[in-house]
Amino acid sequence: MEFFIISLLNGISFGLLLFMLSSGLTLIFSMMGVLNFAHASFYMVGAYMGFAVSQIVGFWAALLLVPLLVGLLGALFEKYSLRKVHKYGHVPELMVTFGLSYIILELVQLIWGRIAVEFRPPELLQGSAFTLLSQPDGSLGFAWGRAALEQCQPLGTAICSLFPATRAFIMGVALLMLVSLWLLITRTRVGLVIQAALKHPEMVEALGHNVPRVFMLVFGAGTGLAGLAGVMGGSTFVTEPAMALTLGAIVFVVVVVGGLGSLAGAFLASLLIGVMQTFAVAIDQSLGSMLLAMGVALSAEAQAHELMRFTLSKAAPLLPFLLLVLVLIFRPHGLLGNRDH
Amino acid sequence: MTATKYYQFRPINVGRWFIWSLFALVLLLAPLVFDSSIAISMMAQMGIAIIACLSFNMLLGQGGMLSFGHAVYAGLGTYVAMHALLLLGDAGLPVPAVALIPLIGGFAGLFFALLFGYVTTKKAGTAFAMITLGVGELIFIASMVFFIFFGGEAGVSADRVIGEPFWGISFGPLIEVYYLIAVYTFLCVALMFAYTRTPLGRIINAVRDNPERVEFIGYDPQTVRYLVFMIAGFFAGIAGGMAAVLFEIVTSEVVGPIRSGSYLLFAFLGGVTFFFGPIIGGILMVLAFVMFSEITKAWMLYLGLIFVFMVMYAPGGIAGLIMMNLRLAMFGRLGELWASYLGLGATALALLVSMGALIEMIYHLQLGTAMGDVVPFLGMSLNTLDLDVWFGAVFVALTSFGLFELCRRSFSQQWAAIQTDIEKEIKRRETT
Amino acid sequence: QRGETVRIALIDPQSGLMGPVGINQLRSFQFFAEKFSGAGNPAGVRFEIEGFDNKLSASETLTAMQAAIGRGIRFISQGNSSGIAGAIIEAVNRHNSRNPGQEVVFLNHSAVDPDLTNSRCSFWHFRFDADTSMKMEALTTFIRGEPTIRRVFLINQNYAHGHQVARFAKEMLARKRPDIQIVGEDLHPLAQVRDFAPYVAKIMASGADSVITGNWGSDLTLLIRAANDAGYRGRFFTYYAGVTGTPTALGTASEGRVYQIAYNHYNMGGQMQTWMNEFRQRFNDDFYTGSIIHILNALGVAMQNARSTNAVRVAHAMSGLRFNSFSGPVEMRRADHQLQQPLFLTRWQRVDAQHPYSPENTGMTLALVRRFDAYVASTPTSCAMQRPAAPV
Amino acid sequence: MSSAAPYAIELKGVCKRFGKTEIIRGVDLAVAAGERVAIIGPNGAGKSTLFNLMSGRFGPSSGEIWLNGQRIDGKPAYAINRMGLSRSFQITNLFPKLSVFENLRCAVLWSLGYRYTFLKFLADLEDVIERVDALLHLMRLEKKRDTLAMNLSYAEQRALEIGVTIAGGAGVVLLDEPTAGMSKSETKRFIDLIREVTEGKTLLTVEHDMGVVFGLADKIAVLVYGELIAFDTPEAVRANPRVQEAYLGSVLAAAH
Amino acid sequence: MLEIDNLHAFYGKSHILHGVQFKVAPGEIVALLGRNGSGRSTTAKAIMGLVDTEGSIVWKGQRIGGRKPYEVAHLGIGYVPESRDIFPKLTVQQNLLLGVKSGRSKNSWSFDDMYAMFPRLKEREHTEAGVLSGGEQQMLTLCRTLMGDPELIIIDEPTEGLAPKIVEQVAAFLQTLKARRVSVLLIEQKLTIALQISDRALVMGHGSIVFDDTPAALQENRYIRREWLEV
Ligand SMILES: Nc1ncnc2c1ncn2[C@@H]1O[C@H](COP(=O)(O)OP(=O)(O)OP(=O)(O)O)[C@@H](O)[C@H]1O
Ligand SMILES: Nc1ncnc2c1ncn2[C@@H]1O[C@H](COP(=O)(O)OP(=O)(O)OP(=O)(O)O)[C@@H](O)[C@H]1O
Ligand SMILES: CC(C)C[C@H](N)C(=O)O
Ligand SMILES: [Mg+2]
Ligand SMILES: [Mg+2]
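Residue numbers (our numbering), protein chains in the order written: chain L, 116 to 456; chain H, 621 to 1052; chain P, 46 to 437; chain Z, 137 to 392; chain E, 334 to 564.
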């Protein structure tokens, strides 16, 4: 039982981190129509900057500063590069962000090296948020922070599962972000202006809206969110040059599965993928054992075959992409998407 | 009417014969000029890259299908070809069978394109791009999970020498493999070019431009995309099959997103709007990966910068630049620009060298301090501890940037003026 | 041969998650190449090391190998990932048969898959680490005397080495401690996992009191960090607790619960200790790949015996060579080219007078629990080696 | 179908709903082969929607559509096109990056049986080239043969739009506001052109320009709010008070 | 109020307007006539800052040549393009909302005014504008620009694609605008209405103004009509 709860929480917290990233991507896509291939790269920049800045001013100040810095970088990129290719259409737009991801990767390696850096969360977050105590009699206990040592095995009787504070923190920030983003989009006219400008930028300008500035702000905001996710993700997991690539693909999956441009969809898909992947790791069922359970007779030789021994836990990394392909086949607009872009 | 036709066709065909013969000749003679083993291996890799990029461009440039998973078809082609090579070795078939390995790769590519293309080509645009990304990642991850077929991180390797030499050919020596690849390259390029001149090759252009309207002239755009996807998969597979023979090992990165990304990047750099663009792209790809990466550790940075600037200022790629200048030449106006080009070239070179020096020094500080403080750069030795060197590099970079910008401005004015003249000239010719 | 330069290509990851390990080894090689050059070796040759980054990819490795051979290098060294080592063996076999006169020799410093010296053994391959079966032999010998170990969880990387660790652990435990229950077994992708929390949750749920893992690099670092974060209190039996980054991850939380089985350890004393201190002074990093010393020792002696630096002659001279190294006399077994050497089981604990060396300034160290003589850990080989004729 | 010569196009009780709003509310319309019919009606009456239904852009919510005696509702657009119905668009809808010649060539290919082939060269297809040259001549676009469609002037684009529509030789042609955006004089020229190129075919057009309507059509159908309120000869329709009230208005209509 | 003098305009390199010159007074309806391609739309775009220009455009005493379109719009000039440019994915109401300029409190036009004028729009209020019929889209564009409360509205071919009855409505509507002291620069093809409602008629030919007088005078001037308006 406590395994289920902890796994669920692990899944949700990972999912929420994914959401932090995908929300920025969704923002940029739904408003500007740009599939920002460098989005995860901004996430990485956020992590590395978080690492560097927190050494100077401490983690908490970095948490505030870095998203601003990364957002500024994003805005500058929009102003001096992306804007110039806007007139050529969406493919070249995508291409510059694609090129940018190479540049960012190299610059990061240039500044911080090719191997992981030691970016650890501050003292406050290094502990645990709470402990689940599972007693031998099957009952479940709960304690804030770290449970007293004498309660836990080997001194005590209970198996204590700690839930790391960093993960709890990620969850909190992501939820906060969801709410504020939702407010921003539904309570302001910026969203409308930008969607309209996608189609007929000149017309929107002729109606009196400063389109380039709005685009720049949106891009800055989106990348800023990625930067924030970077500080959190980098300190919780690993800060290393490949972090953009590994997460980048999954973030695209999230955004597409949720429905391009749908914030709620991205939220749903993030949680789904986070939880799904965590639980898949936990399940040791293999194809062979499932067939056996279903009463199919398998020779010993067949049971030893790789395919038959293929467990769900090994398939865990495959699942998001399988989900993507399936969703696109059966619901081409994604779970909550309704538009055809 | 018929008379004009005659005159329109004749000279073009002569030109075409000339170009194709030249191409064959280059393939034939290249290894005599560049005869080191590294050079021959690079040229063989170029053949492979050319076919892969061209087949990629069947999708992007000609069909408007932005694929993020093209490596899947080339890569699976390599895997299947590698297994086939292993089987050949076991079956004791004669050596010439090896020459068919690329074809086996091609059929594998075709098969997988048939399989995955069915779902991917249902959609166009962003949805297509995303499904190819998904399928690409799926196969990439599967390649690290399923051992029997993909061989895990050790990959699958095979010996291309499967028996005693046949007419003196064993495919052991690199040069023999080079000529095998050269033959395939020539044939594939010719076939892919021919394809652009067929009904399907043209209709896919129409599907790219306006899939909706295509339906109202009798074509099912999905079917068109699917067919083209399979043809592209076939050629990609051939490229993959050739890689199997050349490298004798295959690991999962051949189906990975980075490889897919390189096809995209270099096809685009070469230029996707012209048939020959990706050929340039393929050659650049090998130059970059093999030579560039030897020369400087920062090559990916240069590549990224070049790419971004290309997209910003020359979205037609190198082929686009060539054609633009060719147009000028055809109107006899290229000559006027030589001074500007010289200025641009010189300032750009100075900028490049100084930036290069800076980047190299920074890289050195980051990566190699254990090996001393001196960076060799274009025959100079830069001491990373010497402030003067840094100052000098920054100074040169800034001034050359300023001068470059000046040159660029005057150049773009001149360019615009010439273009206006040409437009007028065209109008005039049209009306007369 | 005196005064000649012997160039060795080290082809290992120098970037990515496993980069720190490869970089450490490159530095170790360069450090000891200096120490052992000239008068430092009986043949009086100069060692020169060239590093190649293979990004932990087999095909990149072979490309790098071609480049190295193209530059006239005849000694190739690699060790991170047994899968890649296997690919090198095949490529070297192929190359040597196609290019007589340009033979190269593969000096394996750390790839420990037993198959490499059994079913896939090659005359051109020499292993200076102790293979998995040897280490597991020693480890299970220790476990036999630990009655508190009852429930074991196996977690390993999904590739040649990880598979072998799992396989030998099951085999040997079944033989030596049939009462031990394997409560779970996991294989995860190599150098891919960033979040081990789900795996740790699984370990905790299984009720395992011990974990056996052949993980190395980030795969061990992150595993142990996640285990500590989640409050796991069981014991870890590892192969590579001393590798870059791992000591920091172990921290004080793992005190007394993490074991390492290896052919060397932090507190070997003597000359080794001075070297290690000097290495740390110079690179702010710890030296742990002791097999590098074996390699340079063996090359020096073999070149002296062969009176040549020619790869074929040196290979013949190394086959069956007995020489002295940091752990005493060792032997490159002629039958399979597996170095026979003593093994050490160590445990993570605070530094003290006898165990002064503290990796990564953790204030902790690996203290010797038990030494196993070479014959104890030695395992038989099934290698049927094809030996080329010795040059005259 | 009992009658010997089936109608070229026949709608039976066709309805179309988008969400809750019913746009086409049960239209019955039968056009005999060779007839020229203009469809008029206020903005938003559903004229273009009707074309979309006939050409297979979307299927009707209920009702049947027959083409030359074959039922076509629910079929995809390309299938309907292959059966001999072709349409133009109110908003120009071409292949912008192909030349005029290529635009027409693409439109011709299917009907001459070349389909998806990639084993023949386009340059060798004499019949295709001949047909395209004829079309170029017909549409007065010879001079623009190699100009990209996107570089054409508006009127030329409209001409090409019609050229692409008739290229396949379809027997039933639907033209959606073919003269919109043209000046009066150009419009005149255009009507003649349309008349010429649709000779012997069944033609349906949507128009707001009464000059065009009366100049071109044998019969006029009036669609108001998704219902057909009249289908008769031009004179009868002009005289129909309901039509005047719903559509034509007073003074201006007279002026045309 | 709007004074244009010696205006030249360019699309990239092609020179389209050659020294255009005219004025629009407050509350005046000025018709700008001419053949296809004579440069009328370009004039409108030039005023809005949507094409490169040389020469002087003065609006209420202020030079606005070279300003950004949104700046021009904020100064009180509204523009209805011939291409309509509705925002297809937004609803009718959202389209109208976008017409309202940011940072303005009072507005002389409300949603209800618009819906009263074209009840058809009210019916389709929450529909995506992209699926509106051609004519409905035309109405929407008109209203959208009005929501920005312009003092001068430039309307490019407002009656194209409209049913004759609606054309009448539009004509009537333009006169209400005039009653509210909004100036109108009307670019039209259909001479009949243009001459009916306008105070002054301009005729454009080959990128310059070739006639500037009352509609009545234009009716009289057969030469101008033959040379510059008919084919
Ligand atoms: N896909 C759709 N979804 C919802 N409503 C639609 C859709 N397509 C058309 N409509 C509605 O159907 C009605 C009829 O549109 P249609 O385009 O057929 O009009 P029309 O008669 O061609 O008018 P016009 O002469 O102005 O072009 C319009 O009110 C339009 O809003
Ligand atoms: N984007 C553009 N690029 C280049 N030339 C253009 C562009 N738009 C218009 N032109 C040219 O400018 C000239 C004037 O066009 P404009 O649209 O102003 O004419 P108009 O009087 O409004 O005619 P219409 O009745 O066709 O709307 C035409 O010759 C046209 O070909
Ligand atoms: C360097 C080592 C950790 C490598 C590992 N033992 C292997 O065989 O793959
Ligand atoms: Mg319509
Ligand atoms: Mg106009």
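Ideal placement from N, C-alpha and C gives every residue a C-beta, glycine not left out. Only a predicted model underlies this, so the values are computations on that prediction, with no experimental measurement involved.
- By the Cβ test, the region 55 to 63 of chain P is in contact with the region 97 to 116 of chain P, since at least three Cβ pairs between them sit closer than 8 Å.
- Membership of H:N1003 in any alpha helix (DSSP H) is not indicated; the residue belongs instead to the beta strand (DSSP E) covering 1000 to 1003.
- Taken in chain order, the members of the region 853 to 869 of chain H whose beta-carbon sits within less than 9 Å of a beta-carbon on chain P are F867, E868, I869.
- The beta carbon of Z:V342 sits closer than 7 Å to at least one heavy atom of ligand 4.
- Taking a beta-carbon distance threshold of 8 Å, H:M911 does not count as an interface residue toward chain P.
- DSSP lists L:S401 as the beta-bridge partner residues of L:T426.
- Bridge partners of H:S675 according to DSSP: none are assigned.
- Within its own chain, the residues whose Cβ lies closer than 8 Å to the Cβ of Z:E332, once the five positions on either side in sequence are excluded, are L274, listed in chain order.
- Among the CB atoms of chain H, none fall inside 8 Å of the CB of Z:V342.
- L:Q170 has its CB no nearer than 7 Å to any heavy atom of ligand 1.
- In the structure shown, the three-state DSSP call for P:A211 is helix.
- Among the bridge pairs identified by DSSP, P:A307 is matched with P:F389.
- Only those residues of the region 302 to 321 of chain Z whose C-beta falls short of 8 Å from the nearest C-beta of chain E are listed: E313, A316, G317, M318, S319, K320, S321.
- E:I486: not part of any alpha helix (DSSP H); member of the beta strand (DSSP E) spanning 485 to 489, first to last residue.
- Membership of Z:K279 in any alpha helix (DSSP H) is not indicated, and neither H nor E is assigned to it by DSSP.
- For P:D98, the pairing in a beta bridge is given by DSSP as P:D57.
- Under a 10 Å Cβ-count criterion, H:E873 is classified as buried, with 16 or more other Cβ atoms of the shown protein chains found around its own Cβ.
- Residues of chain Z with a Cβ closer than 7 Å to the Cβ of E:L495 are, in chain order, N179, H344.
- In terms of beta-carbon proximity, E:D489 stays away from the interface with chain L, with every pair separated by 8 Å or more.
- Z:F194 is outside the set of residues whose beta carbon lies under 8 Å from a beta carbon in chain H.
- Following the DSSP letters along the chain, one finds E:E404 inside the alpha helix (DSSP H) bounded by residues 402 to 407.
- L:L441 counts as exposed, since fewer than 16 other beta carbons sit within 10 angstroms of its beta carbon.
- The Cβ of L:A231 sits no closer than 8 Å to any Cβ of chain H.
- For E:E415, the three-state secondary structure derived from DSSP is coil.
- For L:P356, the closest Cβ of chain H is not nearer than 8 Å.
- For L:V368, the secondary structure class from DSSP, reduced to helix, strand or coil, is helix.
- In the three-state reduction of the DSSP assignment, Z:T315 falls in the coil class.
- Here Z:V308 carries a strand assignment [DSSP, helix/strand/coil].
- Chain-order list of chain H residues neighbouring Z:T253: T818, P819, L820, by C-beta distance under 7 Å.
- The beta carbon of Z:L311 sits closer than 6 Å to those of S224, T341, all from its chain and outside the five residues before and after it, given in chain order.
- Going by DSSP, Z:L221 is part of the beta strand (DSSP E) stretching over 221 to 223.
- Of E:R559, E:R558, E:I557, E:D545, the smallest CA-CA separation from E:V357 is found for E:D545.
- Z:F225 has a beta carbon lying at 8 Å or more from every beta carbon in chain E.
- At least one beta carbon of chain E lies nearer than 8 Å to the beta carbon of L:K314.
- Contact annotation: in the region 789 to 819 of chain H, residues whose CB is within less than 9 Å of a CB in chain Z are A814, Y815, R817, T818, P819.
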